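In the working numbering, the protein residues as written are 60 to 393.
Glycine is no exception: its CB is placed at the ideal position from the N, C-alpha and C atoms.
Predicted model, so just to flag it, every value in this text is computed and none were measured.
Shown next, in structure tokens, is the structure this report addresses.
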Ligand code: TYM
């Protein structure tokens with residue numbers, strides 16, 4: 060809670076090209092939550108350096124992501140949108156929480172296993188510790204809810220465990236957060252291999268729709284999406300490719316899978332894939348136009364960055380000071 064409102068935290072990495080999965084699984088659901096919650100949305104650039112980055116490129120992408128948050132409909136007057144690296148409490152709380160997290164817990168994280176397999180030449184301590192920084196992000200703002208896609212559930216469970224462990228020693232310091240998973244789009248799969256999630260780091264560019272893809276590319280990727288030989292638009296596990304396309308279509312147009320099945324009864328995959336492409340374009344094209352427009356207003360974005368970082372620093376300091384006091388750090392002279 061912050062004041063009399065429940066609090067909400069979420070974040071995204073600015074690495075790689077954001078995909079339709081990031082948008083439908085997370086960003087799309089963030090809009091309109093600020094009436095009910097005090098919302099904090101971070102561009103988590105400190106998480107990004109757990110794998111090697113080109114510095115200039117990271118800076119550019121981080122700014123583009125922050126702009127995308129606004130373009131997607133997050134009003135920075137009502138939502139606190141900021142760079143993680145601008146707020147000192149994230150690293151400071153992460154250090155404290157490190158001392159309340161077990162190696163065995165971090166060893167079990169599937170994302171760590173996946174990423175260390177992928178970056179075998181750079182399995183650094185930050186990569187291992189990644190979920191603790193994520194716990195610090197969430198707990199600093201006393202977040203009641205955390206809107207994420209399904210792939211982040213394991214990290215969220217760990218955050219809850221760390222919060223409960225700390226609270227059981229020191230009293231009620233942290234709010235124990237709940238995940239908020241959208242009804243649709245919580246796990247968008249690869250267009251080329253529907254057993255894998257759609258991912259920014261997929262080597263096959265046809266597997267993912269990127270948020271900045273132009274309409275022709277989107278249409279081409281949808282037409283090439285892997286389906287099956289059933290020739291029936293049905294929402295069932297035995298048809299994972301078609302099921303994924305139904306998920307995409309229904310999340311883009313706010314329909315239920317049952318409505319989509321009905322709409323395409325008796326129609327072939329060709330028509331269906333075209334309709335999916337059009338639905339995706341109808342969502343992404345306005346988003347891209349708005350990004351282009353916002354990018355022109357450098358001064359506005361700079362003001363958002365400065366004001367919101369100050370707000371986040373102020374709010375997070377309260378929790379940080381509380382945790383520091385609990386563990387026995389001396390009070391700072393005023
Ligand atoms: P990241 O940057 O990988 O993804 C950002 C958000 O997009 C969701 N997502 C998906 N949803 C549906 N289908 C997909 N194929 C798909 N791919 C990604 C993710 O679930 C996520 O919600 N560790 C986090 C960032 C983070 C964070 C946090 C999130 C750092 N601190 C605190 C919440 C709270 C990450 O790398 O997300």
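Near residue i, what residues of its chain come up, given a Cβ to Cβ distance below 6 angstroms and the 5 sequence neighbours on each side ignored?
i           : result
residue 282 : 332
residue 5   : Outside the shown range of the chain (60 to 393) lies residue 5, about which nothing can therefore be said.
Is it the case that the Cβ atoms of residue i and residue j are separated by a distance below 9 angstroms?
i           : j           : result
residue 250 : residue 303 : yes
residue 86  : residue 71  : yes
residue 258 : residue 78  : yes
residue 102 : residue 129 : no
residue 260 : residue 177 : yes
residue 220 : residue 164 : yes
residue 350 : residue 73  : no
residue 207 : residue 215 : yes
residue 18  : residue 157 : Nothing can be reported for residue 18: it is not among the residues displayed for the chain, which extend from 60 to 393.
residue 229 : residue 385 : yes
residue 246 : residue 267 : no
residue 312 : residue 131 : no
residue 343 : residue 82  : yes
residue 205 : residue 323 : no
residue 364 : residue 274 : no
residue 355 : residue 232 : no
residue 310 : residue 241 : yes
residue 284 : residue 335 : yes
residue 383 : residue 155 : yes
Classify residue i: buried if its beta carbon has 16 or more other beta carbons within 10 angstroms, exposed otherwise.
i           : result
residue 263 : exposed
residue 248 : buried
residue 162 : exposed
residue 308 : buried
residue 243 : buried
residue 80  : buried
residue 256 : buried
residue 357 : exposed
residue 174 : buried
residue 298 : buried
residue 253 : buried
residue 239 : buried
residue 272 : buried
residue 338 : buried
residue 387 : exposed
residue 315 : exposed
residue 325 : exposed
Under 7 angstroms Cβ to Cβ from residue i, same chain only, skipping five residues before and after it: list those, please.
i           : result
residue 153 : 191, 192, 195
residue 374 : 61, 200
residue 169 : 213
residue 121 : 73, 102, 104, 142
residue 187 : 165, 171
residue 126 : 350, 353, 354, 360
residue 145 : 368
residue 90  : 131, 132, 133
residue 379 : 148, 151, 152, 199
residue 15  : With the chain represented from 60 up to 393, any question about residue 15 goes unanswered, as that position is not in the structure.
Any beta carbon of chain D sitting closer than 9 angstroms to that of residue i?
i           : result
residue 313 : This model lacks chain D altogether; it includes just one protein chain.
For residue i, collect the residues of the same chain with a Cβ closer than 8 angstroms to its Cβ; drop the 5 residues on either side in sequence, then sort them by chain order.
i           : result
residue 328 : 286, 290, 292, 301
residue 320 : 292, 293, 294, 305
residue 65  : 95, 96, 97, 203, 204
residue 235 : 219, 222, 223, 226
residue 147 : 372
residue 106 : 70, 72, 143, 189, 192, 193
residue 277 : 268, 336, 339, 340, 343
Report task. Take every Cβ of the region 93-113, pair it with every Cβ of the region 132-151, and state whether three or more of those distances are shorter than 8 angstroms. Result -> yes
Query raised in the report: Taking three-plus beta-carbon pairs below 8 angstroms as touching, is the region 176-185 in contact with the region 203-212?
Result: Not touching, per the Cβ criterion.
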